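A.B. asks: Residue numbers for the sequence shown follow our numbering, beginning at 393 and rising by one.
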Amino acid sequence: RADSGLAPVRNVRRWAHKKKGRQIASLIDATPSCQGAELLIDSWNLSVPDLLPAINTCSQKVKLFGYAPFRIKNLKPKFVFTADPGETCNVIVITYSGKDFHLATDYVTGWKPLGTPMRATRASGKMLYELDHKPAFDIYSHYLKIPNDKHFYDNIQEFPLLVYTHDTYVLRVPFACKENGALEMTSAVEEGQNLYLSYGDPDFMLSDVFECRRGLQTFHPQAISICSCTVRQAFWGDCVDNELLPFQELAPASGLFTGGEYLRVNGELFHFNATMVIAAFREKEPSSLTETRNFKIKRTRDLRKIVMISRLVTFINVAMQELEVANAELQRLATTDELTRLYNRRAMRSRIIQQLDRDQKFSLILFDIDHFKRVNDTFGHEVGDLVLKEMAGILLQEERSYQNPDLSSGRWGGEEFLVLLPNEGKESAAKFAESLRRHVERFHFTTAGHVTISAGVAEMDQSHDPKRFYKAVDDALYAAKAAGRNCIRLSTPD
Numbered sequence: 393r394a395d396s397g398l399a400p401v402r403n404v405r406r407w408a409h410k411k412k413g414r415q416i417a418s419l420i421d422a423t424p425s426c427q428g429a430e431l432l433i434d435s436w437n438l439s440v441p442d443l444l445p446a447i448n449t450c451s452q453k454v455k456l457f458g459y460a461p462f463r464i465k466n467l468k469p470k471f472v473f474t475a476d477p478g479e480t481c482n483v484i485v486i487t488y489s490g491k492d493f494h495l496a497t498d499y500v501t502g503w504k505p506l507g508t509p510m511r512a513t514r515a516s517g518k519m520l521y522e523l524d525h526k527p528a529f530d531i532y533s534h535y536l537k538i539p540n541d542k543h544f545y546d547n548i549q550e551f552p553l554l555v556y557t558h559d560t561y562v563l564r565v566p567f568a569c570k571e572n573g574a575l576e577m578t579s580a581v582e583e584g585q586n587l588y589l590s591y592g593d594p595d596f597m598l599s600d601v602f603e604c605r606r607g608l609q610t611f612h613p614q615a616i617s618i619c620s621c622t623v624r625q626a627f628w629g630d631c632v633d634n635e636l637l638p639f640q641e642l643a644p645a646s647g648l649f650t651g652g653e654y655l656r657v658n659g660e661l662f663h664f665n666a667t668m669v670i671a672a673f674r675e676k677e678p679s680s681l682t683e684t685r686n687f688k689i690k691r692t693r694d695l696r697k698i699v700m701i702s703r704l705v706t707f708i709n710v711a712m713q714e715l716e717v718a719n720a721e722l723q724r725l726a727t728t729d730e731l732t733r734l735y736n737r738r739a740m741r742s743r744i745i746q747q748l749d750r751d752q753k754f755s756l757i758l759f760d761i762d763h764f765k766r767v768n769d770t771f772g773h774e775v776g777d778l779v780l781k782e783m784a785g786i787l788l789q790e791e792r793s794y795q796n797p798d799l800s801s802g803r804w805g806g807e808e809f810l811v812l813l814p815n816e817g818k819e820s821a822a823k824f825a826e827s828l829r830r831h832v833e834r835f836h837f838t839t840a841g842h843v844t845i846s847a848g849v850a851e852m853d854q855s856h857d858p859k860r861f862y863k864a865v866d867d868a869l870y871a872a873k874a875a876g877r878n879c880i881r882l883s884t885p886d
């Protein structure tokens with residue numbers, strides 16, 4: 393038969409968390425025929441980001457799941473405890489073992505992303521200081537008009553933060569907000585992670601619930617343990633049975649509402665928030681199919697309000713996505729030359745100004761197609777347009793083969809093209825120009841045949857005067873024309 397054992401670990405804070413996590417992993421691996429381990433961890437008094445990876449070093453065959461106590465203000469300290477009133481500790485490990493014992497785990501989230509992602513630009517442990525270089529609290533004050541007062545946690549519970557990490561979406565709930573706008577999270581957030589504001593959609597949550605139930609139904613459980621976050625309890629209110637009873641119809645179920653949930657998913661041991669973790673148990677092989685009844689969703693007036701609001705949010709989300717697509721297209725049209733698909737003159741001017749602001753060395757190449765008017769007069773403007781397109785293709789090929797990822801190019805006007813080379817002097821820029829000239833000279837243009845280019849090269853001087861810079865590269869181009877075309881000329885000091 394299956395058996396379970398309590399393994400209290402006293403005063404974890406006295407030892408390094410990583411070391412203690414490895415000890416717990418060793419305890420699990422030393423348990424004969426261990427199928428799973430339930431972790432009861434006080435996440436408020438322990439460094440969970442250090443503890444969990446160490447515990448996760450145990451055998452990947454073992455199912456890991458568990459929960460953390462809910463934090464209540466002004467109630468300190470918190471303990472995980474056994475039946476012995478003399479035992480107080482921060483971690484309890486319950487192992488489930490037996491050769492004929494079977495265990496399955498799964499989880500339910502059901503929250504939807506809202507708006508565009510924001511990057512955690514400053515974070516440390518459970519403190520999230522900045523999102524996109526702004527106080528993290530701004531996401532709630534700006535978009536949801538939630539004040540930083542004693543009701544902050546109650547007001548934001550339905551809008552946790554959603555982060556994608558290790559191929560899994562994980563929810564993070566702020567517990568409090570500091571005066572400087574930093575958010576105190578229930579779980580750690582890493583700098584560089586992208587986070588979304590999210591919202592609860594009852595229909596989406598229930599679809600997650602029933603998908604999870606279908607998976608567990610094939611397992612044929614004899615008992616089920618559920619730990620669900622208090623955030624979900626607050627979201628559902630009187631309708632919380634909507635996501636609990638479907639599992640009880642599979643097998644007798646028990647559980648509790650928690651302040652955090654743990655689960656091993658795809659080889660990683662996660663600390664979840666606003667999530668429901670389910671563990672299903674069975675002894676021996678199933679003797680028959682699990683019978684289930686059709687579950688009727690309870691819909692109160694409060695739930696109907698939530699559904700209506702979620703549909704409005706869905707509408708806003710779709711409208712925002714369509715607006716983003718439209719804005720992206722407008723941005724492309726505003727910065728791209730329609731014929732060649734290179735940057736246009738406006739975009740190149742903007743890039744040059746940005747480079748001037750960086751106060752770093754850079755060079756320009758201005759080139760045009762020799763006797764382009766003759767091409768238009770001889771073959772027509774359609775062939776002339778085709779020559780411009782093929783010239784843009786040659787330029788892009790040269791860009792890709794050149795060792796400067798910041799290089800950019802565009803159509804300056806008519807048959808003129810401009811190349812910007814950051815962090816390069818005019819001598820190295822001239823090498824790029826010569827390589828381009830030779831490529832054009834070898835290329836057979838459709839209908840037009842043999843075409844050449846002339847180019848001028850200039851390096852930004854200490855005056856940082858854009859007008860002088862443009863004149864210098866323009867003068868160099870005309871010097872190349874005067875020298876007989878199909879050549880490169882460098883600008884000369886005034």
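Glycine included, every Cβ here is placed at the ideal spot set by N, Cα and C.
Owing to the predicted nature of the structure, the values given are computational and were not obtained by experimental measurement.
1. Looking at the structure shown, is residue 661 part of a helix, part of a strand, or coil, going by DSSP?
2. Pull up the DSSP beta-bridge partners for residue 429, would you.
3. Expressed to the nearest angstrom, what Euclidean distance is found between the alpha-carbon atoms of residue 867 and residue 885?
4. Given this structure, state the Cα-to-Cα distance separating residue 864 from residue 873, to the nearest angstrom.
5. Excluding the 5 residues preceding and the 5 following residue 880 in the sequence, name in chain order all residues of the same chain whose CB lies nearer than 7 angstroms to its CB.
6. May I have the straight-line CA-CA distance separating residue 675 from residue 494, to the nearest angstrom?
7. Since residue 485 and residue 429 should fall inside the 8 angstroms C-beta cutoff, what is the C-beta to C-beta distance between them, to a whole number of angstroms?
8. Taking only three categories from DSSP, how would you classify residue 498?
9. Which of the three DSSP states is assigned to residue 760 in this structure?
10. In whole angstroms, give me the CA-to-CA distance for residue 613 and residue 435.
11. Could you check the C-alpha separation between residue 806 and residue 737 for me, to the nearest Å?
12. Any idea if residue 851 is buried or exposed, counting beta-carbon neighbours within 10 angstroms, 16 or more meaning buried?
13. For a test of the three-state rule: what should DSSP assign to residue 743, helix, strand or coil?
14. Among residues of its own chain, excluding the 5 on either side of residue 568, which ones have a beta-carbon nearer than 8 angstroms to its beta-carbon?
15. Using 10 angstroms around the beta-carbon of residue 855, count the other beta-carbons present and answer buried if the total reaches 16, otherwise exposed.
16. Using the rule of at least 16 other Cβ atoms within 10 Å of the residue's Cβ for burial, across every protein chain shown, is residue 466 buried or exposed?
17. Taking residue 678 as the reference, which of 740, 859, 608 and 535 has the closest Cα?
18. From the DSSP output, in three-state form, read off residue 378 for me.
19. Taking a contact to mean a Cβ-Cβ separation below 8 angstroms, would you say residue 665 touches residue 587 in this structure?
20. Any idea what DSSP makes of residue 875, helix, strand or coil?
21. Rounded to whole angstroms, what is the Cα-Cα separation between residue 877 and residue 761?
22. On the DSSP bridge assignment, give the partners of residue 562 in chain order.
23. Are the CB atoms of residue 502 and residue 596 within a distance shorter than 8 angstroms?
24. May I ask which residues mark the beginning and end of the alpha helix (DSSP H) holding residue 547?
25. Classify residue 412 as helix, strand or coil using the three-state DSSP reduction.
26. When we look at the beta-carbon of residue 454 and count the other beta-carbons within 10 Å, is it buried (16 or more) or exposed?
27. Given this structure, state the Cα-to-Cα distance separating residue 449 from residue 440, to the nearest angstrom.
28. Just mark residue 412 as buried or exposed, buried being the case when its beta carbon has 16 or more other beta carbons within 10 Å.
29. What alpha helix (DSSP H) runs, 4 residues minimum, are completely inside the stretch 604-645?
30. From what residue to what residue does the beta strand (DSSP E) around residue 673 run?
31. Go through the stretch 765-802 residue by residue and report every complete run of the alpha helix (DSSP H) that reaches 4 residues or more, in order.
32. Do residue 793 and residue 735 have their C-beta atoms within less than 8 angstroms of each other?
33. Using the DSSP secondary-structure output, state which residues sit across from residue 504 in a beta bridge.
34. Nearest CA to the CA of residue 745: which residue from 862, 631, 623 and 723?
35. Looking at C-alpha atoms only, which residue of 433, 438, 462 and 437 is the closest neighbour of residue 456?
36. Let me know the secondary structure DSSP gives residue 843 once reduced to three states.
C.D. replies: Taking the structure as given:
1. The residue given as residue 661 occupies position 269 in the sequence shown. The answer is strand: DSSP assigns residue 661 an E or B state.
2. One-based indexing of the sequence shown puts residue 429 at position 37. Its beta-bridge partners are 456 and 487.
3. By one-based count along the sequence shown, residue 867 stands at place 475. By one-based count along the sequence shown, residue 885 stands at place 493. Per the coordinates, the alpha-carbon of residue 867 lies some 11 angstroms from the alpha-carbon of residue 885.
4. If you number the sequence shown from 1, residue 864 lands on position 472. If you number the sequence shown from 1, residue 873 lands on position 481. Answer to the nearest angstrom: the Cα atoms are 14 angstroms apart.
5. Reading the sequence shown from its first residue, position 488 is the one you call residue 880. These residues qualify, in order along the chain: 822, 825, 826, 829, 847, 849 and 872.
6. Position 283 of the sequence shown, counted from the start, is the residue given in the question as residue 675. Position 102 of the sequence shown, counted from the start, is the residue given in the question as residue 494. Their Cα atoms are separated by approximately 6 angstroms.
7. In the sequence shown, the residue the question calls residue 485 occupies position 93. In the sequence shown, the residue the question calls residue 429 occupies position 37. Rounded, the Cβ-Cβ distance is 6 angstroms, consistent with contact.
8. Within the sequence shown, residue 498 is the residue found at index 106, counting from 1. Reduced to three states, the DSSP call for residue 498 is strand.
9. Indexing the sequence shown from 1 puts residue 760 at position 368. Residue state, collapsed to three classes: strand.
10. Here the question's residue 613 lines up with position 221 in the sequence shown. Here the question's residue 435 lines up with position 43 in the sequence shown. Residue 613 and residue 435: Cα-Cα distance of roughly 29 angstroms.
11. Here residue 806 refers to the residue found at position 414 of the sequence shown. Here residue 737 refers to the residue found at position 345 of the sequence shown. Whole-angstrom Cα-Cα distance: 11 angstroms.
12. As a first step, residue 851 is located in the sequence shown; it is residue number 459 there, counting from the start. Residue 851 is buried by the Cβ-count criterion.
13. For the purposes of this step, residue 743 is taken as the residue at position 351 of the sequence shown. Three-state result, residue 743: helix.
14. The residue given as residue 568 occupies position 176 in the sequence shown. These residues qualify, in order along the chain: 544, 545, 575 and 576.
15. Against the sequence shown, residue 855 aligns to sequence position 463. By the 10 Å Cβ count, residue 855 comes out exposed.
16. Here residue 466 refers to the residue found at position 74 when the sequence shown is read from its first residue. Below a pLDDT of 50, predicted positions are generally treated as unreliable, and residue 466, at 49, falls in that range; no measurement from the model is reported.
17. Indexing the sequence shown from 1 puts residue 678 at position 286. Considering only alpha carbons, the answer is 608.
18. This structure leaves residue 378 out entirely; the chain is present only between 393 and 886.
19. Taking the sequence shown and counting its residues from 1, one reaches residue 665 at position 273. Taking the sequence shown and counting its residues from 1, one reaches residue 587 at position 195. Taking 8 angstroms as the Cβ cut-off, residue 665 and residue 587 do not qualify as a contacting pair.
20. Your numbering for residue 875 matches position 483 in the sequence shown. Residue state, collapsed to three classes: coil.
21. By one-based count along the sequence shown, residue 877 stands at place 485. By one-based count along the sequence shown, residue 761 stands at place 369. So the alpha carbons of these two residues sit roughly 9 angstroms apart.
22. Translated into positions along the sequence shown, residue 562 becomes position 170. Residue 562 pairs with 555.
23. In the sequence shown, counting from the first residue as 1, residue 596 sits at position 204. In the sequence shown, counting from the first residue as 1, residue 502 sits at position 110. Cβ atoms of residue 596 and residue 502: closer than 8 angstroms.
24. Position 155 of the sequence shown, counting from 1, holds the residue named residue 547. Segment 544-548, the alpha helix (DSSP H) holding residue 547.
25. Locating residue 412 in the sequence shown gives position 20, counting from the first residue. In this structure, DSSP gives residue 412 a helical state, which the three-state scheme calls helix.
26. Position 62 of the sequence shown, counting from 1, holds the residue named residue 454. Buried, because 16 or more other Cβ atoms sit within 10 Å of the Cβ of residue 454.
27. As a working mapping, residue 449 is identified with position 57 in the sequence shown. As a working mapping, residue 440 is identified with position 48 in the sequence shown. Rounded to the nearest angstrom, the two C-alpha atoms are 14 angstroms apart.
28. The count along the sequence shown starts at 1 and reaches residue 412 at position 20. Around the Cβ of residue 412, a 10 Å sphere holds 16 or more other Cβ atoms; the residue is buried.
29. For secondary structure counted as the alpha helix (DSSP H) over 4 or more consecutive residues, the stretch 604-645 holds these complete runs in sequence order: 622-628 and 633-640.
30. Along the sequence shown, one-based indexing puts residue 673 at 281. Taken as a continuous stretch (DSSP letters only), the beta strand (DSSP E) holding residue 673 covers 668-675.
31. 773-793, all fully within the stretch 765-802.
32. Residue mapping note: residue 793 aligns to position 401 of the sequence shown, counting from 1. Residue mapping note: residue 735 aligns to position 343 of the sequence shown, counting from 1. No, the Cβ-Cβ distance between residue 793 and residue 735 is not below 8 angstroms.
33. Looking up residue 504 in the sequence shown gives position 112. DSSP output for residue 504 lists 591 as bridge partner(s).
34. Within the sequence shown, numbered from 1, the residue matching residue 745 stands at position 353. Residue 745 has its Cα closest to that of 862, out of 862, 631, 623 and 723.
35. Indexing the sequence shown from 1 puts residue 456 at position 64. Closest option to residue 456, Cα to Cα, is 433.
36. Here residue 843 is taken as the residue at index 451 of the sequence shown, counted from 1. Correct three-state label for residue 843: coil.
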